[in-house]
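Novice: Numbering (the working numbering), first residue to last: 3 to 488. Every residue gets a Cβ at the ideal spot worked out from N, C-alpha and C, and that includes glycine. Here the structure is a predicted model, which means the values were calculated and not measured.
1. Are the stretch 118 to 127 and the stretch 312 to 321 in contact at 8 Å, needing three or more beta carbon pairs?
2. Given that a residue counts as buried once 16 or more other Cβ atoms are within 10 Å of its Cβ, and exposed if not, what is residue 53?
3. State the DSSP-derived secondary structure class of residue 448, mapped to helix, strand or coil.
4. Have a look at residue 3 and residue 304 and give me their C-alpha separation to the nearest angstrom.
5. Are the Cβ atoms of residue 280 and residue 63 separated by less than 9 Å?
6. I'd like to know if the stretch 226 to 237 and the stretch 407 to 421 are in contact, where contact means that at least 3 CB-CB pairs between them fall below 8 Å.
7. Since I believe residue 413 is in contact with residue 396 (beta carbons under 8 Å), could you give me their beta-carbon distance rounded to a whole number of angstroms?
8. Please give me, in chain order, every unbroken run of the alpha helix (DSSP H) with length at least 4 that falls completely inside the stretch 172 to 240.
9. Taking the alpha helix (DSSP H) that residue 287 belongs to, which residues open and close that run?
10. Reducing DSSP to helix, strand and coil, say where residue 49 ends up.
11. Using a threshold of 9 Å, state whether the C-beta atoms of residue 287 and residue 200 are closer than that.
12. For residue 261, which option in 78, 282, 308, 273 has the closest C-alpha, if you only look at C-alpha atoms?
13. Give the DSSP-derived three-state secondary structure of residue 340 in the structure shown.
14. Compute the Euclidean distance between the alpha carbons of residue 329 and residue 115, then round it to the nearest angstrom.
15. Among 435, 393, 71, 179, which residue has its Cα nearest to the Cα of residue 45?
16. Whose C-beta lies closer than 6 Å to the C-beta of residue 187 among residues of the same chain, with five residues either side of it excluded?
17. Would you say the stretch 28 to 45 touches the stretch 86 to 104, given that touching needs at least three Cβ pairs under 8 Å?
18. Is the beta carbon of residue 323 closer than 9 Å to that of residue 151?
19. Only counting the same chain, and skipping five residues up and downstream in sequence, which positions put a Cβ closer than 7 Å to that of residue 349?
20. Mind reading off the beta-carbon distance from residue 97 to residue 23? Whole number of angstroms is fine, and I expect it under 8 Å.
21. When we look at the beta-carbon of residue 222 and count the other beta-carbons within 10 Å, is it buried (16 or more) or exposed?
22. Given a cut-off of 9 Å on the beta-carbon distance, is the pair residue 470 and residue 444 in contact?
23. Inspect the beta-carbon positions of residue 263 and residue 347 and report whether they are closer than 9 Å.
24. Counting along the chain, where does the beta strand (DSSP E) carrying residue 480 start and finish?
25. Regarding residue 344 and the ligand MN, is the C-beta to nearest heavy atom distance less than 8 Å?
26. Measure the C-alpha to C-alpha separation of residue 389 and residue 404 and round it to an integer number of angstroms.
27. Restricting to Cα atoms, I'd like to know which of 73, 57, 76 is closest to residue 67.
28. Taking the alpha helix (DSSP H) that residue 401 falls in, what are its first and last residues?
29. Can you find the residues in the same chain that come closer than 8 Å, C-beta to C-beta, to residue 109, ignoring five residues on each side of it along the sequence?
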């Protein structure tokens, strides 16, 4: 009976998470960021052309696209390109983390209360809400697959779960390079248990070796051209230096507090310490290795700070269960009957103040693509020639090619993109320069026919208009656009 109540509470947490996410996600017709429209274009191409988009004639005026296929294929198959269905599927996918975290923490602690609370905590992590709510992002599939693979690695003795482990790892390999975190976790795991406290089983060693070889093979097949072009620098995806500095920043305590949440950070840190010092279980060693692996990647700037903190925050939520189990054990020893109930109430109150309210605030204040910008994309679609090239800022390139259905000059997908650094500098000159002759030279360089000057671009470049276009016969203003006549 107790187990049935536990499962019922887990279902309630899962449904509450999905409801929370869908409430905010379906409240707007658009996605939150320009990057979402990169994925939407891939889905649309699969449905319309019946194949993966390997060459995009609209991105950078035409370039090769390299991206794992599974996420886009899955969305195309389940949504038929309907934006509402895509949003629902995305929010359900990321919400499954709740169940996976519960399974992991139940394996770690054997305590139902602690596992349920960790599951609840994982649903309302501020950083996770910020980066995945109303976003069409591959992480909604990749993160659940990563943690599912880690959980199933602990169950390799069960033949059915062994097959599920291999399938989950294969799916992750076809979804995102996040799979390399799993490989790094394996290396740290065998290093930690190599101290002699525990011994790795034969099947664990075989599964780890097979996983490494399989991941390397699949990744080479997918990223072969990029590997040959950039070598080890493929890690930074050909991104310009100023963007690298912004994305691959140093980890600071403030970043941890804002993204993880002070409550989860405190309890998770204590749990991590207790686990590494007092526990002699493979599950604890595995997820300690996970935390060490992510910290290693962040320390050497091999992963973006924002993404690294999202993954780390889930790890802290998992280790919170060890802290809670220790506290509940202490309260059992104290033999004060009401103490456990009082502590549970305090725990829920702290959760509301330090996890739910910050997550709710982030969700409520989250800005989606404005109606004005969506209308501007429709203007592009219906008022420009099919072969027109539209200039927008870096965070508008995917919108221009997906909703406007026109060629852009630059977008945020840098891998194998032609000369992104040069293009970023040229775009800045076009928007901020004073010389009409220089601007015309650059527009001819990229065959630009229309310049889009949105409110976001004005803020990004601290301008109100194109200075050289005032009184010009070559740059004719039409709403938020400058049509090039020369």
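Specialist: Walking through what the data contain:
1. yes
2. Counting from one through the chain shown, the residue named residue 53 turns up at place 51. Its Cβ having fewer than 16 others within 10 Å, residue 53 is exposed.
3. On the chain shown, position 446 is the one that residue 448 refers to. Residue 448: coil per DSSP, three-state reduction.
4. The sequence position of residue 3 within the chain shown is 1, counting from 1. The sequence position of residue 304 within the chain shown is 302, counting from 1. Here the model assigns residue 3 a pLDDT of 41, short of 50, so the residue's position is not dependable, and the following value carries that caveat. So the two alpha carbons sit approximately 47 Å from each other.
5. Residue numbering aside, residue 280 sits at position 278 when the chain shown is read from its first letter. Residue numbering aside, residue 63 sits at position 61 when the chain shown is read from its first letter. Result no, Cβ atoms of residue 280 and residue 63 do not sit closer than 9 Å.
6. Cβ pair count under 8 Å is three or more, so yes.
7. Reading the chain shown from its first residue, position 394 is the one you call residue 396. Reading the chain shown from its first residue, position 411 is the one you call residue 413. Yes, they are in contact, since the Cβ atoms of residue 396 and residue 413 sit about 7 Å apart, within 8 Å.
8. Entirely contained in the stretch 172 to 240, the alpha helix (DSSP H) runs reaching 4 residues are, in chain order, 181 to 195, 204 to 232.
9. To locate residue 287, count along the chain shown from 1; it is residue 285. From DSSP, the alpha helix (DSSP H) with residue 287 extends over 284 to 301.
10. As a first step, residue 49 must be located in the chain shown, where it is residue number 47. Reduced to three states, the DSSP call for residue 49 is helix.
11. Residue numbering aside, residue 287 sits at position 285 when the chain shown is read from its first letter. Residue numbering aside, residue 200 sits at position 198 when the chain shown is read from its first letter. Closer than 9 Å, so yes.
12. Mapped onto the chain shown, residue 261 falls at position 259. Residue 261 has its Cα closest to that of 308, out of 78, 282, 308, 273.
13. Within the chain shown, the letter at position 338 stands for residue 340. Correct three-state label for residue 340: coil.
14. Sequence index remark: in the chain shown, residue 329 carries index 327 (1-based). Sequence index remark: in the chain shown, residue 115 carries index 113 (1-based). Rounded to whole angstroms, residue 329 to residue 115 spans 11 Å at the Cα level.
15. Taking the first residue of the chain shown as position 1, residue 45 is located at position 43. Taking only the C-alpha atoms, the option nearest residue 45 is 71.
16. Looking up residue 187 in the chain shown gives position 185. Correct list, in chain order: 291, 292, 295.
17. Yes: the two stretches touch, three or more of their Cβ pairs being nearer than 8 Å.
18. Stepping through the chain shown from its first residue, residue 151 is reached at position 149. Stepping through the chain shown from its first residue, residue 323 is reached at position 321. Not in contact: residue 151 and residue 323 (Cβ atoms no closer than 9 Å).
19. Here residue 349 refers to the residue found at position 347 when the chain shown is read from its first residue. For residue 349, the CB contacts under 7 Å within the same chain, skipping 5 residues up- and downstream, are 119 in chain order.
20. Here residue 97 is taken as the residue at index 95 of the chain shown, counted from 1. Here residue 23 is taken as the residue at index 21 of the chain shown, counted from 1. Between residue 23 and residue 97 the Cβ distance is about 6 Å, and since that is below 8 Å, they are a contact.
21. Counting from 1 along the chain shown, the entry for residue 222 is found at position 220. By the neighbour-count rule (16 or more Cβ atoms within 10 Å), residue 222 is not buried but exposed.
22. Along the chain shown, one-based indexing puts residue 470 at 468. Along the chain shown, one-based indexing puts residue 444 at 442. Not a contact, by the Cβ cut-off of 9 Å.
23. Within the chain shown, the letter at position 261 stands for residue 263. Within the chain shown, the letter at position 345 stands for residue 347. The answer is no: Cβ separation not under 9 Å.
24. One-based indexing of the chain shown puts residue 480 at position 478. Where residue 480 is concerned, the enclosing beta strand (DSSP E) stretches over 477 to 480.
25. The ligand MN is not part of this structure, which contains no ligands at all.
26. Against the chain shown, residue 389 aligns to sequence position 387. Against the chain shown, residue 404 aligns to sequence position 402. Going by the C-alpha atoms only, they are around 14 Å apart.
27. Working through the chain shown from its first residue, we reach residue 67 at position 65. It is 57 whose Cα lies nearest to the Cα of residue 67.
28. In the chain shown, the residue the question calls residue 401 occupies position 399. For residue 401, the uninterrupted alpha helix (DSSP H) run begins and ends at 399 to 404, by DSSP.
29. For this step, residue 109 is matched to residue 107 along the chain shown. Within the same chain, residue 109 has close Cβ partners 153, 156, 285.
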